[in-house]
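Below you'll find the structure, written out as structure tokens, and then a few comments.
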Amino acid sequence: MRVVIVTESFPPDVNGVAHCALQTARHLAARGHDPLVLAPAVPAGTPDGDAPCPVVRIPSLPLPGYPQVRVALPSRRVAAAIADHRADLVHLASPFVLGVRGMTVAARLGLPAVAVYQTDLAGYARTYVGAGESAAWRRLRAVHGAADRTLAPSTAAVRDLERHGVARVRLWPRGVDTRRFRPGLRDEALRRELAPGGELLVGYVGRLAPEKRVELLAGVCGLPGVRVVVVGDGPSEGTLRAALPGAVFLGRRTGGDLARIFASLDVFVHTGPHETFCQTVQEAMAGGVPVVAPAAGGPLDLVDHGRTGLLVAPHDPDAVRTAVSALAGDPDLRAAYGRTARATVEGRTWAVVGDRLIDHYGEVLRERTAVAA
């Protein structure tokens with residue numbers, strides 16, 4: 417099968433969309449298919465990473481105020497690349513700008529398109545401008561309504577899409593690398609470096625941006641015997657350094673280094689209420705770490721409250737602090753949650769999830785053939 421993956425982000429970018437697009441390309445190539453990636457160009461001089469297939473870079477500009485995000489410019493390369501690849505199907509990863517152009521080209525060429533929903537644009541509109549949710553949903557309906565199938569990563573995301581009038585939605589969760597993220601990487605030397613006084617390590621991993629609500633960890637910083645560790649970068653870093661006294665900021669980490677940090681935590685906390693999935697929760701669970709997360713969006717599918725971690729009210733700093741305090745005071749409970757968390761994700765590898773994606777492709781192609789007949 418010849419598949420063109422049109423993605424709004426791709427490594428060396430570090431985010432959920434980029435990671436999922438990379439894993440999709442890897443799995444397709446490993447299964448003998450022929451993927452091609454179309455992605456926004458990275459800044460000049462930036463290493464392009466180790467892609468498993470050809471990557472066509474579309475001219476782009478940094479998003480004002482958030483240079484880590486790049487937006488593709490209009491370009492004839494999109495149509496030319498899809499046509500030249502002789503694609504059987506177009507995969508649209510979190511389509512918004514570049515993905516819309518990919519959809520348009522697919523429609524013009526008569527190619528089926530599968531759109532992957534990953535970004536809660538309505539939630540971002542609430543966070544950044546305090547309005548615009550209706551406009552965001554109109555955009556999402558237009559984009560996903562043109563696709564043969566929309567794949568949503570969680571049951572909450574499926575419900576949101578269907579409630580707002582998006583048709584042909586199916587569930588497709590995300591995989592996790594259970595060989596990279598594993599409890600055996602727990603590093604006592606790293607723990608002593610981060611917490612020389614033997615403090616309990618409570619970590620957050622992700623973008624440092626307003627929608628992630630990382631400031632909700634301020635109360636956790638005040639718990640006795642607790643050290644907060646923040647991994648990631650973004651526009652809110654300066655504000656968060658002031659808001660989280662005593663926290664250790666490690667910047668962006670990837671690969672084995674990130675896996676070692678995950679496994680060395682005692683508790684992982686995710687604070688953002690607008691996650692359609694939340695990959696970092698799954699990676700923490702693979703590392704055998706209990707999780708505290710908001711009872712909203714993707715974490716509802718991932719965290720089994722009272723077995724693998726604790727779900728708390730979104731936007732509530734007292735709830736976060738209380739949950740962390742409960743786990744901090746009970747090492748046996750932390751260990752039990754961590755063991756169950758690891759066992760829970762062992763069947764959620766990218767190979768398993770990737771094969772489900774190929775099944776979705778096959779169904780869409782068969783539906784197209786049946787309609788044509």
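The numbering of the sequence shown is this note's numbering, which starts it at 417 and goes up by one. Just so you know, even glycine gets a beta-carbon here, dropped at the ideal spot from N, CA and C. Since we're looking at a predicted model, the values are computed, not measured.
- For HIS507, there is no enclosing alpha helix (DSSP H); the enclosing beta strand (DSSP E) has its first and last residue at 505-509.
- Classified as buried, HIS686 has 16 or more neighbouring CB atoms from the shown chains inside 10 Å of its CB.
- Per DSSP, the continuous beta strand (DSSP E) segment holding GLY619 begins and ends at 616-621.
- In the DSSP secondary-structure assignment, SER476 is bridged to ALA488.
- ALA583 counts as exposed, since fewer than 16 other C-beta atoms from the protein chains shown sit within 10 angstroms of its C-beta.
- Under the three-state reduction of DSSP output, ALA759 falls in the helix class.
- The C-beta distance from GLY770 to HIS449 rounds to 10 angstroms, too long to fall under 8 angstroms, and the pair is not in contact.
- Secondary-structure assignment with DSSP links PRO710 through a beta bridge to VAL728.
- Residue nearest to GLY465 within the set ARG447, LEU454, ALA488 and LEU438 is LEU438 (criterion: CA-CA distance).
- Fewer than three beta-carbon pairs drawn from the segment 421-429 and the segment 754-763 are found closer than 8 angstroms, and the two stretches are therefore not classed as touching.
- By the neighbour-count criterion, in which 16 or more other beta carbons inside 10 Å mark a residue as buried, LEU479 falls on the exposed side.
- ALA441 and ALA568 have their C-alpha atoms roughly 18 angstroms apart.
- Annotated three-state conformation of HIS560 is helix, per DSSP.
- Between PHE693 and ARG590, the beta carbon gap of about 5 angstroms places them in contact (Cβ cut-off 8 angstroms).
- In chain order, VAL419, ILE421 and VAL530 place their CB closer than 6 angstroms to the CB of HIS507, counting only its own chain and leaving out the 5 sequence neighbours on each side.
- One Cα belongs to GLY641, the other to ARG764, and the distance between them is close to 34 angstroms.
- Here LEU681 is not near ALA709, since their CB atoms are 9 angstroms or more apart.
- Within 10 angstroms of the beta-carbon of ALA675 lie 16 or more other beta-carbons, which makes it buried.
- Look at VAL768 here: in three-state DSSP terms it is helix.
- Between GLN534 and GLY650 a beta carbon distance of about 17 angstroms is seen, past the 8 angstroms cut, so the two are scored as non-contacting.
- According to the DSSP assignment, PRO715 belongs to the alpha helix (DSSP H) that extends over 715-718.
- Comparing alpha-carbon positions, the option among GLU549, VAL719 and HIS776 lying closest to MET417 turns out to be HIS776.
- If you look at THR696, you'll find it in the alpha helix (DSSP H) that goes 695-702.
- Annotation: VAL458 to ALA496 spans about 20 angstroms, alpha carbon to alpha carbon.
- DSSP lists VAL506 as the bridge partner or partners of ALA529.
- Here the C-alpha atom of LEU656 lies approximately 7 angstroms from the C-alpha atom of VAL630.
- Look at PHE665 here: in three-state DSSP terms it is strand.
- Secondary-structure assignment with DSSP links LEU567 through a beta bridge to VAL532 and ARG586.
- Here DSSP, grouped into helix, strand and coil, assigns PHE678 to helix.
- Runs of the beta strand (DSSP E) spanning 3 or more residues and lying entirely within the segment 594-657 occur at 616-621 and 642-647, in chain order.
- Using a Cβ distance threshold of 9 angstroms, VAL585 and ARG555 do not count as a contacting pair.
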